[in-house]
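*Asks:*
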Amino acid sequence: MNNLKKRINNQLGLTLIELLAVIVILGIIAGIAVPSIGSIIQKSKEDAVKADALQTLLAARLYSAATETASNTISSDDLSSYIENVKLGVYTVLTDSANYALITSDVPAGNATITFACATKEEISADNGKETRIIGSCGDHGTELDPNTDIPEAEPDPNTETPDTEPDPDTELDPEPGEDSGEQDRRWWTHLWDYIKRWLEKFGQWRN
């Protein structure tokens, strides 16, 4: 019994082999989960852009009901007091039809962009596309307006720019714009290997 107690007391922690086994298992789990997590994050960002578009169309209807104007367009400046915190850049809403239509330039959505080309509420709600795409068609509304050239992009707001800080390990793995799935997977594995090396260095210092 005394020998058993001494043996237990001499157990300082995990051996190096045990620690490596745990890290390898975690790496395998991460390799399986990363693609799914990346897809979920990307879809949530695209859904957020479409939600902003739907809110903008609703605000345009409220503006039209409260304002008497002969114009058949509503600008983003017109709606500034009706809607806040939408990340669509500079946009225009067409009101010359029963269905209000939204026109924007390229709107960032994670590693993709979404362009609304005279998109109606029904077209936005029915969209189930992936990655970079255009929702709507200005030809359906009797106009050849090109949202990529006729609508200027918004200037960055210096009051909301993020100051330079140290990289956040929880966000540095977000997909980069234009990055394909293979590049993203390689970046994940590189990050995982760096993480393992840091743990091994700490483990070696602790054992010494």
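Numbers 1 to 208, taken from the UniProt record's numbering, label the letters of the sequence shown in order.
Glycine included, C-beta positions come from ideal geometry on N, C-alpha and C.
Source: prediction; values computed, not measured.
Give me, in chain order, the residues of the same chain whose beta-carbon lies closer than 7 angstroms to that of Pro156; leave out the 5 immediate sequence neighbours on both sides.
*Replies:* Numbered from its first residue, the sequence shown carries residue 156 at position 156. The predicted position of Pro156 is uncertain, since its pLDDT is 47 and thus under 50; no value can be drawn from it.
*Asks:* Using DSSP with H/G/I as helix, E/B as strand and the rest coil, what is Ala65?
*Replies:* In the sequence shown, residue 65 corresponds to position 65, counting from 1. Of the three classes helix, strand and coil, the one that applies to Ala65 here is helix, per DSSP.
*Asks:* Once DSSP output is grouped into helix, strand and coil, what is the label at Ser105?
*Replies:* The count along the sequence shown starts at 1 and reaches residue 105 at position 105. Coil at Ser105, not helix or strand.
*Asks:* Considering only C-alpha positions, which residue in the set Val90, Cys118 and Leu94 is nearest to Pro108?
*Replies:* Your numbering for residue 108 matches position 108 in the sequence shown. The candidate whose alpha carbon is nearest that of Pro108 is Val90.
*Asks:* What does the Cβ neighbour count give for Glu46, buried or exposed, with the cut at 16 atoms within 10 Å?
*Replies:* Residue 46 sits at position 46 when you count from the first residue of the sequence shown. So Glu46 counts as buried.
*Asks:* From the DSSP output, which residues share a beta bridge with Thr190?
*Replies:* Against the sequence shown, residue 190 aligns to sequence position 190. Note: Thr190 sits in no beta bridge, so no partner.
*Asks:* State the Cα-Cα distance for the pair Asp96 and Ser76, rounded to the nearest angstrom.
*Replies:* Stepping through the sequence shown from its first residue, residue 96 is reached at position 96. Stepping through the sequence shown from its first residue, residue 76 is reached at position 76. So the two alpha carbons sit approximately 17 angstroms from each other.
*Asks:* Would you mind reading off the limits of the beta strand (DSSP E) that contains Ser75?
*Replies:* On the sequence shown, position 75 is the one that residue 75 refers to. Its beta strand (DSSP E) spans residues Thr73 to Ser75.
*Asks:* Counting Cβ pairs, one atom from each stretch, are 3 or more of them under 8 angstroms apart for the stretch 27-35 and the stretch 57-70?
*Replies:* The answer is no - the stretch 57-70 does not touch the stretch 27-35, with fewer than three Cβ pairs under 8 angstroms.
*Asks:* With 16 as the cutoff for other CB atoms within 10 Å, does Asn111 come out buried or exposed?
*Replies:* Taking the first residue of the sequence shown as 1, we reach residue 111 at position 111. So Asn111 ends up on the buried side.
*Asks:* To the nearest angstrom, how far is it from the Cα of Thr104 to the Cα of Arg198?
*Replies:* Position 104 of the sequence shown holds residue 104. Position 198 of the sequence shown holds residue 198. Near 45 angstroms, if we compare the C-alpha coordinates of Arg198 and Thr104.
*Asks:* Between Thr54 and the rest of its own chain, which residues show a CB-CB distance below 8 angstroms, the 5 nearest in sequence each way excluded?
*Replies:* Translated into positions along the sequence shown, residue 54 becomes position 54. The question names Thr, yet the displayed sequence has Leu at residue 54. Only Lys121, Ile124 and Ser125 meet the Cβ criterion.
*Asks:* Measure from the alpha carbon of Ile40 to the alpha carbon of each residue in Cys118, Glu131 and Asn72, then state which is nearest.
*Replies:* By 1-based counting over the sequence shown, the position of residue 40 is 40. When only C-alpha atoms are compared, the closest one is Glu131.
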